[in-house]
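In the working numbering, the protein residues as written are 14 to 277.
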Amino acid sequence: MCSDDKKIQTDLAILDFSRAFDTVPHERLLGKLDYYGIRGKIQEWIRSFLCSRQKWVAVDGETSQKCKVDSGVPQDTVLGPLLFLLFINDLLDQVSPGTITRLFADDCLAYREIKSEGDKRTFQRDLEELNTWASKWGMRFNPSKCNIMRIHKGNSPISKLYELCGTVLQEVHHAKYLRVTISNNLGCSTHVEPTKKSSNTLNLLRRNLKYCPKQSKEVAYFAMVRSTLEYSSGVWDPHLQKDIDNVERVNRRAARFVLGDHRQ
14 MCSDDKKIQT DLAILDFSRA FDTVPHERLL GKLDYYGIRG KIQEWIRSFL CSRQKWVAVD
74 GETSQKCKVD SGVPQDTVLG PLLFLLFIND LLDQVSPGTI TRLFADDCLA YREIKSEGDK
134 RTFQRDLEEL NTWASKWGMR FNPSKCNIMR IHKGNSPISK LYELCGTVLQ EVHHAKYLRV
194 TISNNLGCST HVEPTKKSSN TLNLLRRNLK YCPKQSKEVA YFAMVRSTLE YSSGVWDPHL
254 QKDIDNVERV NRRAARFVLG DHRQ
């Protein structure tokens with residue numbers, strides 16, 4: 014049984030690293046790889062992948078001066094996010110028992126059941142320890158993009174202002190994590206309501222693929238509309254009729270577009 018079913022308040026911190034992939038110190042990362050047993054020729058290969066790189070900007074055939082890249086892991090690569098996760102993996106060890114931290118690339122969540130004033134103080138200390146870890150390893154949080162959410166049922170929540178980097182974190186009622194909107198009541202309506210993006214994409218396809226064969230329309234629908242509309246539906250699969258209607262309204266319009274049948 015989860016905390017929400019037991020009517021136990023859970024305080025959730027949505028944390029944001031500032032320029033996460035660009036600030037990873039190379040030598041410290043290589044030191045952690047050595048600790049994890051990645052040594053020898055594999056580490057030499059990774060070193061050549063990270064170090065002695067240069068970058069420049071090209072605009073209209075003109076290029077800027079080259080500058081050396083002293084930190085960071087290359088983005089839009091397979092290896093980059095993996096190296097980043099190895100670098101921040103020990104962040105999980107900084108929090109107290111009972112506080113849970115979830116990591117996915119540079120997205121970080123920390124949460125704890127709040128049953129007493131002591132739990133609030135412990136969670137605040139955990140946030141401070143996470144910030145200490147970040148400073149030690151050359152990373153930093155962006156407190157203006159970090160938020161607190163209180164997930165609770167029934168009685169008024171046990172209130173507490175949490176701080177990070179000397180800044181009081183803003184309390185929110187819903188926030189996005191891995192493109193899924195989390196609400197403080199754990200409902201999915203807030204995530205389902207913004208179907209405008211999928212609807213606008215469908216309108217774009219209707220204008221530009223009007224005379225295309227059915228198969229082309231179907232492929233475009235699955236790739237550009239349904240992939241967005243039903244993203245992570247296994248997590249937020251709606252049970253309220255109004256949420257189901259919001260999703261199906263777009264799907265019915267898409268079916269009429271693909272089949273060329275506008276009678277309904």
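For glycine and all other residues, C-beta sits at the position ideal for the given N, C-alpha and C. Treat the numbers as computed from the prediction; the structure is a model and nothing was measured.
query	result
Backbone secondary structure at residue 218 - three-state DSSP	helix
Three or more C-beta pairs below 8 angstroms linking the stretch 204–214 and the stretch 254–271	yes
Identity of the residue in 62, 266, 155, 180 nearest residue 90 by Cα	62
The stretch 151–170 / the stretch 208–223 touching (three or more Cβ pairs under 8 angstroms)	no
Residue 191 vs residue 26 beta-carbon contact at 8 angstroms	no
First and last residue of the uninterrupted beta strand (DSSP E) at residue 187	187–190
Beta strand (DSSP E) runs wholly inside the stretch 32–89, at least 3 long, in chain order	66–68, 80–82
Own chain residues within Cβ distance below 8 angstroms of residue 97, not counting five before or after	33, 34, 37, 86, 118, 119
Where residue 175 falls, given that 16 or more other Cβ within 10 Å makes a residue buried	buried
Alpha-carbon to alpha-carbon, residue 80 and residue 122	35 angstroms
Neighbourhood of residue 71 by C-beta, 8 angstroms cutoff - its chain only, sequence neighbours within 5 removed	77
Residues bridged to residue 22 (per DSSP)	127
CA-to-CA distance, residue 186 to residue 106, given in whole angstroms	28 angstroms
Pick from 184, 264, 47, 177 that is closest to residue 240, judged by C-alpha positions	264
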